[in-house]
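Protein chains in written order, with this note's numbering: chain A, 1171 to 1405; chain B, 663 to 972.
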Amino acid sequence: MLEVNNIDVYHGNLQALWDVSLEVGEGERVSLIGANGAGKTTIVETVSGLLTPASGSMVFNGVRLDKEPSQRVVRLGVCLVPEERGIFFGMSVLENLELGAFHKKSRKVKDETLESVYGLFPLLKDRSRQVAGTLSGGEQQMLAIGRGLMSKPKLLMLDEPSLGLAPIIVKNIFEVIKQINRSGVSILLVEQNVRIALGLAQRAYIIENGRIIQHGDAKDLLSDEQVKDAYLGTG
Amino acid sequence: MNNWKQFSINGGILVLLILVPLITSRTDVLTWLYLTLVYIALSQSWNIIGGYTGQINLGHAAFFGIGALAARYIWLHFGLPLPLAVLGGGLASMIFALAIGVLVFRLKGIYFIIGTLVLAEILRLIFYTILPEADVMPMKLLGAYSLVPRYYLSLLIAVITVAVVYWISRSRLGLGLMSIRDDEDAAEASGVDTQRYKLLAFNISTFLAGLTGGIYAYYSAAFRAGGLFEPVWTFDAVIIVFVGGVGTIAGPIIGSVFFVLLKQILSLYLPGGLHVAVFGVLFIIVVLYLPGGLIELMTKFRKRTSAGDQ
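Pasting the structure below:
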């Protein structure tokens, strides 16, 4: 479904990614894990069209993504729920959600999608008139995911959805992510919390200093001595 | 019910404003209303780019000036009918905005602010240099000068500007613009073509600023071209929007009424130009302690009184 082949990405003159390749299959749950500053966010931002790779290619369902602007990428069915949620604080919850369905294809089915988002997050329905800036952190994350779903994505990329949230809320949110995946949406998850990430994903890639150093089944990685040592602190 | 009430209040005010010249011929009243309407149009047009889109354009004077100058030339010097001239002024501003829009929106944040400010300053200097003579209305027109048609033109443009902002605030365009204001990267990630939307907001805003310039071209007996590009045109609009309530429809209207009233009173009692300092202080106070402007103050007050009723 998504194929990223040997991309190099720069922030200005600084190279952030070296020769990164990865794949997300239809209906699959994949995690990118690694320390702060390893390049995880850069990868999903590049896929979503916010950054342009200097070399390499990205293909989504047979369409080249690497030269497309992000509004085209969204229309093709790839949506990023950005780090720190990127909520529009001055707008109401409903306006935020409507903004998610900004392109024509998703706008046509906006009302149905809205109902299904409210089904996943009933709380958003109760708060639909409230200004988004007054929501709690967990509610904002739900809103960010809901807004992402409004674009009717085939691939949903989530950047650090657990950031700054209480464990019980993180658990809830990851339950919903699984539910979204069951409805046929592929998931590409960026997470610092390796245990949760590997718990959710079927496969994972480990990023270090802008390179993919290891990838495999999430279960295998969970029991891998090196991974345990470096990321789980139980070695 | 509430909508209906709102609608009849607005309609009532509009009818009253239309009737004013029939009720009174006092020039001070008409001038005061005229000024208020011009400021409504000017600040409301800035509100689109600055308030709704969050792009602090400090070169608004440039578009007011181009509109005024183009309208004056089309009307007085080419001798075309006034409506065409005013429309031409708006279009001239918009065309200029189209030409430089791609350029200025390469700048972000503080650089955008500085860039637009410099742009208006450059035009001001150019026009003081190439058109140093005052542009005076011919004697024939001055002899027949009446405030009433000027007043009606300002009313028309103010109504158009408010209507456009009302439409934007409820449209998909407005949704996109507000998302850019709140978080441009997240807007981009949500599929908003941020560059295109910013340009669109810029063009609408400058077109309306150009129309407002057209009112001034029709009103002013004499002006120097450079004076149309003075920063005061920008800063009056910015102060009104922030004092009234940034990114709202009613804010610039209330701000304009308040601004003109205060300006008239202050200039009576304070020595020349000192009222500007008062506005500066007022602006700082509002930004620091009342970021929602007078509108916020009014809603708070209304909530408190209605809570007291219950």
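For every residue, glycine included, the Cβ atom is placed at its ideal position computed from N, Cα and C.
query	result
With respect to the beta strand (DSSP E) encompassing phenylalanine 651 of chain B, which residues constitute its N-terminal and C-terminal limits?	Absent from the model: residue 651 of chain B. The displayed extent of chain B is 663 to 972, so no value can be given.
Can you pull the chain E neighbours of methionine 1261 of chain A, defined as C-beta to C-beta under 8 Å?	Protein chains A and B are contained in the structure displayed, whereas chain E is not.
At a CB distance below 8 Å, what residues from the stretch 850 to 872 of chain B approach chain A? Give them in sequence order.	Glu850, Ala851, Ser852, Gly853, Val854 and Asp855
Are valine 854 of chain B and serine 841 of chain B closer than 8 Å when you measure CB to CB?	yes
Am I right that serine 1276 of chain A and serine 1240 of chain A are in contact with their C-beta atoms under 8 Å? What's the rounded C-beta distance?	Actually they are not in contact, since the Cβ atoms of serine 1276 of chain A and serine 1240 of chain A sit about 15 Å apart, beyond 8 Å.
Nearest CA to the CA of alanine 1208 of chain A: which residue from A:Asp1399, A:Asn1379, A:Ala1224 and A:Glu1215?	A:Asn1379
Does the beta-carbon of glutamate 795 of chain B have 16 or more other beta-carbons within 10 angstroms, so that it is buried, or is it exposed?	exposed
According to a CB-to-CB cut-off of less than 7 Å, which residues of the stretch 1250 to 1275 of chain A neighbour chain B?	Leu1250, Pro1252, Gly1256, Phe1258, Phe1259, Gly1260, Met1261, Glu1265, Glu1268, Leu1269, Gly1270, Phe1272 and His1273
Quick one: is serine 1240 of chain A near chain B, going by C-beta distance under 8 Å?	yes
Go ahead and pull the three-state DSSP assignment for methionine 1327 of chain A.	strand
Please check if any C-beta of chain A sits within less than 8 Å of the C-beta of aspartate 797 of chain B.	no
Have a look at A:Gly1232, A:Asn1231 and A:Gln1185 and flag the residue whose alpha-carbon is nearest the alpha-carbon of isoleucine 1213 of chain A.	A:Gln1185
For the candidate residues B:Lys667, B:Tyr813 and B:Tyr931, whose alpha-carbon lies nearest to that of isoleucine 680 of chain B?	B:Tyr813
Which residue from B:Phe758, B:Tyr881 and B:Phe726 puts its Cα closest to that of valine 798 of chain B?	B:Tyr881
For aspartate 690 of chain B, which residues in chain A fall below 7 Å Cβ to Cβ?	By Cβ distance, chain A contributes nothing, its closest Cβ being about 40 Å from aspartate 690 of chain B, past 7 Å.
What's the C-alpha gap between aspartate 1329 of chain A and isoleucine 1257 of chain A?	13 Å
Any idea which residues DSSP pairs alanine 796 of chain B with across the strands?	B:Arg886
Over what stretch of residues does the alpha helix (DSSP H) that includes glutamine 857 of chain B continue unbroken?	856 to 881
Assuming aspartate 1387 of chain A is part of the beta strand (DSSP E), what are its boundary residues?	1381 to 1387
Under 8 Å between the Cβ atoms of isoleucine 736 of chain B and serine 831 of chain B?	no
CB-CB under 8 Å to leucine 1294 of chain A, same chain, minus the five flanking residues each way: which ones, in chain order?	Val1263, Leu1267, Val1287, Tyr1288, Glu1309, Met1312, Leu1313 and Gly1316
Given that leucine 1220 of chain A touches chain B, what residues does it touch there, using C-beta distances under 9 Å?	Asp847, Glu850 and Ala851
In the DSSP assignment, what residue or residues form a beta bridge with tyrosine 1180 of chain A?	A:Gln1185
Would you verify that the beta carbon of valine 1179 of chain A is, or is not, closer than 8 Å to some beta carbon of chain B?	no
Report the partner residues of asparagine 1175 of chain A according to the DSSP bridge assignment.	A:Ser1227
How many Å lie between glycine 935 of chain B and glutamate 1285 of chain A at the Cα?	58 Å
Would you grab the beta carbon distance between leucine 1194 of chain A and leucine 1325 of chain A for me? Rounded to a whole angstrom, and I think it's under 8 Å.	It is valine, not leucine, that sits at residue 1194 of chain A in the sequence shown. Right, their Cβ atoms sit about 6 Å apart.
Could you confirm whether any beta carbon from chain B is found closer than 8 Å to the beta carbon of valine 1244 of chain A?	yes
Cα separation between leucine 809 of chain B and proline 683 of chain B?	9 Å
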